[in-house]
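Numbering (my numbering), first residue to last: 1064 to 1161.
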């Protein structure tokens, strides 16, 4: 298979992915983004519909163990938002359209 065809197929698969990443999320008139503290997110967006402790991760620099949580908001206008926190800091925002 030629490279051009592989690139087209790869691009099509990426467009069909059901979960996407976002840099920020709007909660009413407030905006949250990676690096925000968990209490700041809850203050701006309210309590999540679902909260799950996923596990623990090790930091790269000081080899400490940190809790990992996922918070779920939505559906909002047909979209579910999954926020991942590491050490009480927002690490990533994923969204999934229904």
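Yeah, the Cβ is synthetic: ideal placement off N, Cα and C, and Gly gets one too.
- With fewer than 16 other beta carbons inside 10 angstroms of its own, residue 1124 counts as exposed.
- When DSSP states are grouped into helix, strand and coil, residue 1093 belongs to the strand group.
- Looking at the DSSP output, residue 1144 sits in a beta bridge with 1136, 1158.
- The segment 1117 to 1131 and the segment 1088 to 1099 do not touch, with fewer than 3 CB-CB distances between them shorter than 8 Å.
- Residues 1137, 1159 of the same chain have their beta carbon placed closer than 6 Å to that of residue 1143, with the five preceding and five following residues left out of the count.
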